[in-house]
Amino acid sequence: MNLIKNAIKLKEVERKGWKRTGIARVESVADHTFMLAFLSMIIGDKRGMDTEKMIKMALLHDLAEVVTGDITPGEMEREEKLRRENEVMNELLKNFKGYSKIWKEFFEGKSKEAKMVRELDLMEMVLQACVYSQKDREKDLREVKEEGNKIKD
Numbered sequence: 002m003n004l005i006k007n008a009i010k011l012k013e014v015e016r017k018g019w020k021r022t023g024i025a026r027v028e029s030v031a032d033h034t035f036m037l038a039f040l041s042m043i044i045g046d047k048r049g050m051d052t053e054k055m056i057k058m059a060l061l062h063d064l065a066e067v068v069t070g071d072i073t074p075g076e077m078e079r080e081e082k083l084r085r086e087n088e089v090m091n092e093l094l095k096n097f098k099g100y101s102k103i104w105k106e107f108f109e110g111k112s113k114e115a116k117m118v119r120e121l122d123l124m125e126m127v128l129q130a131c132v133y134s135q136k137d138r139e140k141d142l143r144e145v146k147e148e149g150n151k152i153k154d
């Protein structure tokens, strides 16, 4: 199944932003996705939200990166990045209408679940910065940690 073949490749896609900081062994997109799904499960349950939907959003949210790669801020205009990701996801999920609907909901970011998963995506990045900072105190990851200031909820 094409979707599974593509999803497994996320284990090989490294998070480019971390590589730029000089960290020797960086997490993969799949590593990040797992932690986001885990956070979505915990917070979704705690808040009485549709946790299953949140977990699905988390698992799908970076799937396009198997084709696009991990596009980091500054590499291209945000609108172009979003256009590319949406185009890839529409192709990857064309035979999975239920997942396509969940992707669209996350992409639009209007539902409470989509908003929360987006916030948790940021939170996961900040938590990972803390982990890397603990391992290598010489790395200056303050800029990444400051992204946490964007978290509203």
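When you line the sequence shown up against the working numbering, it's residues 2 to 154, in that order.
All C-beta atoms, glycine included, are put in the ideal place defined by N, C-alpha and C.
Contact between L11 and V30 holds, with the beta-carbon distance rounding to 4 Å and staying under 8 Å. In the structure shown, S112 falls within a coil segment according to DSSP collapsed to helix, strand and coil. In the three-state reduction of the DSSP assignment, E15 falls in the strand class. Going by beta carbons, Y133 and I24 fall inside the 9 Å limit. For the pair of segments examined, the region 114-127 was found to touch the region 32-39: the number of CB pairs separated by less than 8 Å reaches three.
Counting only residues of its own chain and dropping the five nearest sequence neighbours on each side, T73 has a CB closer than 8 Å to the CB of K17, G18, R21.
Counting every other CB atom within 10 Å of its CB across the protein chains shown gives I56 a total of 16 or more, marking it as buried.
Per DSSP, the unbroken alpha helix (DSSP H) holding D32 starts and ends at 30-48.
Going by beta carbons, I103 and M58 fall inside the 9 Å limit.
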